[in-house]
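A quick write-up on the structure given underneath.
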Amino acid sequence: EVLVPGGCQELSLSYDNHKPDELKVEVLCPFWIYYEPPEEEEQEEEDEDAALPPLMVTVACNPEQVSMEALPLGGTIRCPGAANETLELPGNSVGPFYFRRDPAKVDSSSLC
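Dropping the structure here:
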């Protein structure tokens, strides 16, 4: 239901005696990217070191997987097979964000 709202989508294709070999359907895949604040115990130990604490960044493909403690990130994500290869994370939202595959950059053997 994340990729196709409502769980289904009707498509129609008209053709004559020469049916097409394939039907290309573009689907935008949403994703959410965020981090969670470290546990308070971990934070106290790291404060003593005065270094920035390491963050575990999570990428979710379903909004139900986004933690209630999720915090947004700012920065840039790069995806070489996408129509727009870079995505700027605004730092005020965990998503959804979208990449769209660029057919000119991806051949049929690609996993992207």
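Letter by letter, the sequence shown follows residues 1 to 112 in this note's numbering. We put the CB at the ideal spot given by N, CA and C, even for glycine.
How many angstroms separate the CA atom of residue i from the CA atom of residue j?
i: L13; j: A82; result: 26 Å
i: F97; j: I33; result: 8 Å
i: P54; j: R78; result: 21 Å
i: R101; j: P80; result: 9 Å
i: V27; j: P63; result: 17 Å
i: C29; j: T58; result: 16 Å
i: N17; j: E10; result: 22 Å
i: D21; j: T76; result: 38 Å
i: S93; j: S67; result: 13 Å
Taking Cβ positions, are residue i and residue j nearer each other than 8 Å?
i: L71; j: E39; result: no
i: L89; j: G74; result: yes
i: G95; j: F31; result: yes
What three-state label does DSSP hand residue i in the structure shown?
i: E88; result: strand
i: F99; result: strand
For residue i, write down the residues that DSSP places opposite it in a beta bridge.
i: Y34; result: T58
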